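Asker: Below is a structure I'd like to ask you about.
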Amino acid sequence: CEMHFLIYFNFFCRFLIVRCEGTFFNDKNKVTLLKTDWMKTLDESKALSALTIPGTHDSMSSSHQALSLHFQLDAGVRYFEMKASSPLLFNRKKIEIGSKSLDEVLNVLKTFLAKNPSEFVLLKLIPEGLRKTETAKDITKVLQKEQGVWLEPTVPTVGQVKGKIVILRSSTYEKGVANQQTSGKKDSKFKDVEKHLKHIKEHLKSAEGLCKQGSLTVTVTSSSAFLTTYKSVAVQVNPNLDQALKGLLEGKTRPSCLGVIATDFLGETLIDTIIKFNGVGSGRDSNPRPTEQQDCGPTHCATAPPSQSKDMLFIV
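With mature numbering (1 follows the signal peptide of the UniProt record, and there is no 0) applied, the sequence shown covers -22 to -1, 1 to 294.
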């Protein structure tokens, strides 16, 4: 009996741990709580730099995310970082969640925004590969033909970009809103959770100072090492990051803004914690429902006006 008790107790503890991890870390293509309109109560006169926004790093890569683009939007993610390349066979990466063209990505975003006009999305495109210069030019051609895309370098207000796609400048794409990335190359090499969290906290402190000065910031929490995957790092880091952020929320000197926080395998509780820095509720639907393994998200199966571009740029 004692042996059976220990077996069941061990199983129960493991179940609790998995449940706990699942709220901060998500490696399933599933959304339980929808946050499709959490931006509806934001002050329209507030600059985007004065917000705290949940985002995903390398948003279309299965090495970094489990949720499809549809479900990331439904979960409340509003910042996306995507690598783009021209359709050369030797320049394309096969990813398990599928590879979309730029037109397809824009259509997914536009359809979501048409259904949820209170929202906006930030999109950072990173041309890569041997033809990255040509790819950047082709991206500009596509975006300039689109309505509802903000390509200006200045940081807009919430009211200016509701219902729009806001393009952020990247290291290989010079169009869009200027922004500062607080994290650097040293953060991409994982050593241990304690040191990595220390660096993240330092970056968030920098982001707090920069956003008060009107700069839009991006803090990336992603990291890996030899024989240590992004996923295995995220499962350790995300719960601790959530705890650190909750400490800031409940502290006497709560930050007014932290900019974009982009993570790997982002879980729903962590998204909710990030959103709360804006002084708004979770933005959950009144009747949340689980959604899983569908071709489109539950809030936007309708089709947006298709992009007219014939330039096939692939998001990888």
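All C-beta atoms, glycine included, are put in the ideal place defined by N, C-alpha and C. Keep in mind the model is a prediction, meaning the values are calculated, not measured.
Do Ser23 and Thr132 count as a contact pair if the criterion is CB distance below 8 angstroms?
Answerer: Taking the sequence shown and counting its residues from 1, the one referred to as residue 132 is at position 154. Taking the sequence shown and counting its residues from 1, the one referred to as residue 23 is at position 45. Going by C-beta atoms, Thr132 is not nearer than 8 angstroms to Ser23.
Asker: Taking only the alpha-carbon atoms, compute the straight-line gap between Thr247 and Thr1 and give it to the nearest angstrom.
Answerer: Counting from one through the sequence shown, the residue named residue 247 turns up at place 269. Counting from one through the sequence shown, the residue named residue 1 turns up at place 23. Roughly 5 angstroms between the two C-alpha positions.
Asker: Which residues in the same chain as Thr160 place their Cβ atom closer than 6 angstroms to its Cβ, once the five residues preceding and following it in sequence are excluded?
Answerer: Residue mapping note: residue 160 aligns to position 182 of the sequence shown, counting from 1. Cβ within range, chain order: His181, Ser184, Ala185, Thr195, Thr197.
Asker: Please state the DSSP three-state secondary structure of Leu47.
Answerer: Locating residue 47 in the sequence shown gives position 69, counting from the first residue. Leu47 falls in the helix class under three-state DSSP.
Asker: For a test of the three-state rule: what should DSSP assign to Thr206, helix, strand or coil?
Answerer: Here the question's residue 206 lines up with position 228 in the sequence shown. Thr206 falls in the strand class under three-state DSSP.
Asker: Could you tell me which residues DSSP puts in a beta bridge with Phe58?
Answerer: What you label residue 58 is simply residue 80 of the sequence shown in a count that begins at 1. Paired residue(s): Thr34, Leu101.
Asker: Counting only runs that start and end within the stretch 142 to 197, where is the beta strand (DSSP E) found for 3 or more residues in a row?
Answerer: Counting only runs of 3 or more, we get 143 to 146.
Asker: Count the other C-beta atoms from every protein chain shown that fall within 10 angstroms of the C-beta of Leu108, then say buried if there are 16 or more, exposed otherwise.
Answerer: Position 130 of the sequence shown, counted from the first residue, corresponds to residue 108. That one is exposed.
Asker: Report back the beta-carbon spacing between Ile249 and Lys78 to the nearest angstrom; my notes put them in contact at under 8 angstroms.
Answerer: By 1-based counting over the sequence shown, the position of residue 249 is 271. By 1-based counting over the sequence shown, the position of residue 78 is 100. Between Lys78 and Ile249 the Cβ distance is about 22 angstroms, and since that is not below 8 angstroms, they are no contact.
Asker: Just checking my contact of Val127 with Ile104 at CB under 8 angstroms: how many whole Å lie between their CB atoms?
Answerer: Your numbering for residue 127 matches position 149 in the sequence shown. Your numbering for residue 104 matches position 126 in the sequence shown. Rounded to whole angstroms, the Cβ separation of Val127 and Ile104 is 17 angstroms, and the two are not in contact under 8 angstroms.
Asker: Please name the residue in Asn4, Gly33, Ser37 whose C-alpha comes closest to that of Ile293.
Answerer: The sequence position of residue 293 within the sequence shown is 315, counting from 1. Taking only the C-alpha atoms, the option nearest Ile293 is Ser37.
Asker: Is the beta carbon of Pro95 sitting closer than 8 angstroms to the one on Ile252?
Answerer: As a working note, residue 95 is residue 117 in the sequence shown. As a working note, residue 252 is residue 274 in the sequence shown. No, the pair does not count as a contact, with Cβ atoms beyond the cut-off.
Asker: Buried or exposed for Thr111, please, with buried defined as at least 16 other CB atoms from any protein chain shown within 10 angstroms of its CB.
Answerer: In the sequence shown, the residue the question calls residue 111 occupies position 133. Answer is exposed; the Cβ neighbour count stays below 16.
Asker: Which runs of the alpha helix (DSSP H) at least 4 residues long sit entirely within the stretch 109 to 135? Give them in chain order.
Answerer: DSSP runs (the alpha helix (DSSP H)) wholly in the stretch 109 to 135: 110 to 122.
Asker: Rounding to the nearest angstrom, what Cα-Cα distance links Ile143 and Asp170 in this structure?
Answerer: For the purposes of this step, residue 143 is taken as the residue at position 165 of the sequence shown. For the purposes of this step, residue 170 is taken as the residue at position 192 of the sequence shown. Rounded to the nearest angstrom, the two C-alpha atoms are 36 angstroms apart.
Asker: Check this for me: beta carbons of Asn7 and Phe49, under 8 angstroms apart or not?
Answerer: Residue numbering aside, residue 7 sits at position 29 when the sequence shown is read from its first letter. Residue numbering aside, residue 49 sits at position 71 when the sequence shown is read from its first letter. Yes, the Cβ-Cβ distance between Asn7 and Phe49 is below 8 angstroms.
Asker: Going by C-alpha distance, which of Phe243, Leu20, Ala212, Phe255 is nearest Thr231?
Answerer: Position 253 of the sequence shown, counted from the start, is the residue given in the question as residue 231. Ranking Phe243, Leu20, Ala212, Phe255 by Cα distance to Thr231 puts Phe255 first.
Asker: Assuming Ala62 contacts Thr113 under a Cβ cut-off of 8 angstroms, what Cβ separation, rounded to an integer in Å, is found between them?
Answerer: For the purposes of this step, residue 62 is taken as residue 84 along the sequence shown, with counting starting at 1. For the purposes of this step, residue 113 is taken as residue 135 along the sequence shown, with counting starting at 1. Correct: roughly 6 angstroms between the Cβ atoms.
Asker: Could you tell me the boundaries of the alpha helix (DSSP H) in which Thr241 lies?
Answerer: The residue labelled residue 241 in the question sits at position 263 within the sequence shown. Careful: Thr241 lies outside any alpha helix (DSSP H), inside the beta strand (DSSP E) at 237 to 241.
Asker: For Val9, name the three-state secondary structure that DSSP assigns.
Answerer: The residue you call residue 9 lines up with position 31 of the sequence shown. Strand.
Asker: So what's Leu29 in DSSP terms, helix, strand or just coil?
Answerer: Here residue 29 refers to the residue found at position 51 of the sequence shown. Looking at Leu29 - three-state DSSP - the assignment turns out to be coil, as it is neither helix nor strand.
Asker: Between Val258 and the rest of its own chain, which residues show a CB-CB distance below 7 angstroms, the 5 nearest in sequence each way excluded?
Answerer: To locate residue 258, count along the sequence shown from 1; it is residue 280. Excluding residues within five positions, the ones whose Cβ falls inside 7 angstroms are Trp16, Thr19, Leu20.
Asker: Would you report the Cα separation of Pro217 and Phe3, rounded to the nearest angstrom?
Answerer: Reading the sequence shown from its first residue, position 239 is the one you call residue 217. Reading the sequence shown from its first residue, position 25 is the one you call residue 3. Spanning the two alpha carbons is a distance of roughly 7 angstroms.
Asker: Pick helix, strand or coil for Leu244, following the three-state DSSP scheme.
Answerer: By one-based count along the sequence shown, residue 244 stands at place 266. Reduced to three states, the DSSP call for Leu244 is strand.
Asker: Count the other CB atoms, across all protein chains shown, that sit within 10 Å of the CB of Phe243; report buried if there are 16 or more and exposed otherwise.
Answerer: Reading the sequence shown from its first residue, position 265 is the one you call residue 243. Phe243 is buried by the Cβ-count criterion.
Asker: What residue does the alpha helix (DSSP H) around Thr89 start on, and which one ends it?
Answerer: Position 111 of the sequence shown holds residue 89. Per DSSP, Thr89 belongs to the alpha helix (DSSP H) from 80 to 93.
Asker: Quickly, what does DSSP pair Phe3 with across the bridge? List them, please.
Answerer: In the sequence shown, the residue the question calls residue 3 occupies position 25. Answer is Leu244.
Asker: Report back the beta-carbon spacing between Gly237 and Thr30 to the nearest angstrom; my notes put them in contact at under 8 angstroms.
Answerer: Within the sequence shown, residue 237 is the residue found at index 259, counting from 1. Within the sequence shown, residue 30 is the residue found at index 52, counting from 1. About 7 angstroms; that satisfies the 8 angstroms criterion.
Asker: Using the three-state DSSP reduction, which class does Pro233 fall into: helix, strand or coil?
Answerer: By 1-based counting over the sequence shown, the position of residue 233 is 255. In this structure, Pro233 counts as coil in the three-state DSSP scheme.
Asker: Taking all protein chains shown into account, decide if Glu97 is buried (16 or more other Cβ within 10 angstroms of its Cβ) or exposed.
Answerer: For the purposes of this step, residue 97 is taken as the residue at position 119 of the sequence shown. Result: buried.
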